[in-house]
Every structure is written in C-alpha cells, then in structure tokens.
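These notes are about the structure you will find just below.
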Amino acid sequence: MLVTGGAGFIGANFVRLVEKQWPKCQVTVIDKLTYAGNRDNLAGTQTAFVHGDITDAALVDSLVAQTDVIVHFAAESHNDNSLHDPSPFITTNIMGTYVLLEAARKHSVYLHHVSTDEVFGDLEIGAPTTFTETTAYAPSSPYSASKASSDHLVRAWARSFGLQVTVSNCSNNYGPYQHIEKFIPRQITNILDGRTPKLYGTGEQVRDWIHVDDHNLAVLEILAHGEFGETYNIGADQQDINNREVIELICELMGIPGQYEHVADRPGHDQRYAMDASKLREQLGWQPQYTNLRDGLKQTIAWYTEHTAWWKTAKDDVESTYAAKGQ
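For what it's worth, the numbering used here labels the leading residue of the sequence shown as 1264, then goes sequentially.
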C-alpha cells in the first residue's frame, strides 16, 4: 500500500490503524513534509517513508510500480491558507492527483481518493437537507474547488481509461495529530497554554464532526469491500452541533466553562455541512465508534494534554498568524 500524505493528520492515523488491523500489509508513505506534515507522527510504526512530492512524476511512478493500492490523502487543506495563497492548493490537489492517476493507469493499480464534504458547498442552517453522493458540487473556497477538481479527475480516469478507483467524501475530522491551526486542537491547546479560546464570528456554523479513527475505519471498509467506481460519503450523524456548542463543550471539559472570546469570522465561511452516510452504513456495514462528540473530545483533549512537546513549539507562530488577521 502506498499512502500519500501519510505523515499528516488523517494519513498518520490511517497508517497506525492499518498496522493494527492489517499487520501483513506493507505500507510506504510519501509525504512532502510541509508545515502540516510531521515525520514524528509516524514514530514507532514500521512504515517505509519517502520524503517526496506527489507532483514528482518520476518518483511517483517508481513507487506505484511496486504498489497494489494507493490511498490518496495528500492535500493542502486549510481554507484560510487557500484564501491567502491558492497556488499550493492548485499544484498539490489537482496536479498531484493527476500525476498519481497517470502512474496508477500505467501500472494498473487501484486508487482510493480521499476527499471532503466541502466540495458540495454549504447548506442552510436548520434545513432538513443533507449531502448525498449525488449532490451537485458547489465549492466555496480555492481549497474546496481544488478538491472538487481532483474528484472530477479521478472519476474521469475511471470512465475514460477504466482505472479501478473509489472515492470518499468525509465530514470534518478531529483527533490526535491534527495541526493546531485547526479549530478543535487550536482551542484545546489555547487552554493548555493559558490562552483564551477563540470563536470565529457568532459560531453558528454547523459541522458534522467525526473522529479520525471512525473516518479511517470507513476507508478500510471501502478498500476491503467497496465497489470500483463508487463514491461513499463518510459522516458521524452529528449534524446539529454548531461551533459555539463545540467550544463551550471543550471549555466545560477542560474546567473553564464559558471562558472564550469572539474573533473575526473567516471570509466566505460555509454555514452548514451535513453528510448522509447511509450508503456506507447499509452497503458496507460501517458504524462509527464515537457516536457522542463529548467522548471523542475527551479522548482528543487527553492526547494533546499528554503530547505537549508535539505541539508546543508551533503554538506562538500559529497564534501570531491568527492575531494578524484579527482572529
């Protein structure tokens, strides 16, 4: 198995899960080790590691030639960063996916493409609608537009060239090893670092939060039992929790109830995401382990509390960047 972006948040957790669930599987990770990738995320694993860029066609070709399956996590993924400079998102998410598809086509290798619910745009708060696998794409940011583009490439290579592919679109992840620029770990580490947690705007935005382990267990089910050419939505059915309630729950669990401040909202901030994962549940039998956000947050808070050295050195730089934007 070749895992792209395997030193990042979701990818590193996936590699650890593969070693636990499929111990005979030989895993190779390719990762560019940008700011969001961390070699230490794979400490203690048996994974072969390649420091490289998925846009490097010769390197990718040499790795795919020795591979049975590609699991494609590698992506630039932070909305705020895409608003500041879209170019890395176009390069990695679109051109990188193209390079992988061409290598997979050349060597007849199955590729699973990991995508996001953000390709669908957003939903009205309070509406009964959810995203299904057939929802029309309406991306809002350079990041989500680049992921939508990569999804289209994967499906086009399947139809035009008969490439064996599957696609998954997942809701917002949280859990260990997530970069502290992201909403949940930012608030947890703010509290641990003696800073005030920050809520963007009014905090009315709704996300379908899913623990990273549940996401990755779904990917394993797709790899083992999914049908080629199919797309599967992944979500934990936690669709009525807004960002204000999330930060209040974090504050409560960490012993400072209600002690957060409002900061400037993100430009073009999507209002609501909600995934219909019934196809995944009914066809492949997947069920999330963390059905209660409180339980998942407890586990996540404990991890960041126990791994201060993992995030501490980056904290000042992250907060300085946000402060410059009034956030």
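Heads up, the beta-carbon is just placed ideally off N, CA and C, and yes, glycines get one too.
Taking a C-beta distance under 9 Å as the contact criterion, G1559 and H1474 qualify as a contact pair. Fewer than three pairs of CB atoms, one per stretch, sit closer than 8 Å, so the stretch 1352-1365 makes no contact with the stretch 1272-1286. In summary, C1288 is exposed, with fewer than 16 beta-carbon neighbours lying within 10 Å of its beta-carbon over all protein chains present. The stretch 1389-1403 makes no contact with the stretch 1447-1457, as fewer than three CB pairs between them are under 8 Å.
S1413 sits in a helix when the DSSP states are folded into three classes.
Note that the C-beta distance between R1529 and L1386 is not below 9 Å. Only residues of its own chain outside the window of five on either side were considered, and among them I1388, N1505, N1506, R1507, Q1534 have a CB closer than 8 Å to the CB of E1467, listed in chain order.
If one requires a minimum length of 3 residues, the beta strand (DSSP E) runs lying completely within the stretch 1345-1422 are 1373-1379, in chain order. Under the DSSP assignment, T1494 falls in the beta strand (DSSP E) whose first and last residues are 1494-1497.
Within the model, the alpha-carbon separation for I1513 versus G1307 is close to 29 Å. Within the model, the alpha-carbon separation for E1493 versus T1429 is close to 5 Å.
G1300 counts as buried, since no fewer than 16 other beta carbons sit within 10 angstroms of its beta carbon. In the structure shown, V1290 falls within a coil segment according to DSSP collapsed to helix, strand and coil. The three-state reading of DSSP puts H1335 in strand, counting E and B together. When DSSP assignments are scanned along the stretch 1537-1573, the uninterrupted stretches of alpha helix (DSSP H) that are 4 or more residues long and fall wholly within it turn out to be 1541-1547, 1556-1569. Take P1448, set aside five residues on each side of it, and the residues of its chain with a beta-carbon closer than 8 Å to its own are Y1437, Q1441, H1442, T1563, Y1567, W1574, in chain order. Scanning the stretch 1425-1459 from its first residue to its last, the whole alpha helix (DSSP H) runs of 4-plus residues come out as 1446-1455. Comparing alpha-carbon positions, the option among T1571, R1544, T1395, N1432 lying closest to H1335 turns out to be N1432. Judged by DSSP secondary structure, V1313 falls within the beta strand (DSSP E) whose first and last residues are 1311-1314. In terms of Cβ geometry, V1327 and L1265 form a close pair [threshold 9 Å]. Within the same chain, Cβ atoms closer than 6 Å to the Cβ of G1464 are found at D1528, the five residues on either side in sequence being excluded. A direct Cα-Cα distance of roughly 43 Å separates L1486 from Q1522.
Annotated as distal: N1496 and W1472, with beta-carbon spacing of 9 Å or more.
Sequence-distant partners of S1409 (beyond 5 residues in either direction) whose C-beta falls short of 7 Å from its own C-beta, in its chain, are F1352, I1353, N1356, I1357.
Judged by their CB atoms, T1392 and A1540 are not nearer to each other than the 9 Å cut-off. C-alpha of K1578 to C-alpha of A1572: approximately 11 Å in a straight line.
At a Cβ-Cβ threshold of 9 Å, V1469 and D1500 do not count as neighbours. Membership of K1461 in the beta strand (DSSP E) is indicated by the continuous run 1461-1463. In this structure, the beta-carbon distance from T1291 to V1313 falls below 9 Å.
Secondary structure note for H1488: its alpha helix (DSSP H) is the uninterrupted segment 1475-1488. A straight line joining the alpha-carbon of Q1309 with that of V1377 spans about 23 Å. Cα atoms of S1371 and I1293: separation of roughly 19 Å, rounded to the nearest angstrom. In summary, H1488 is exposed, with fewer than 16 beta-carbon neighbours lying within 10 Å of its beta-carbon over all protein chains present.
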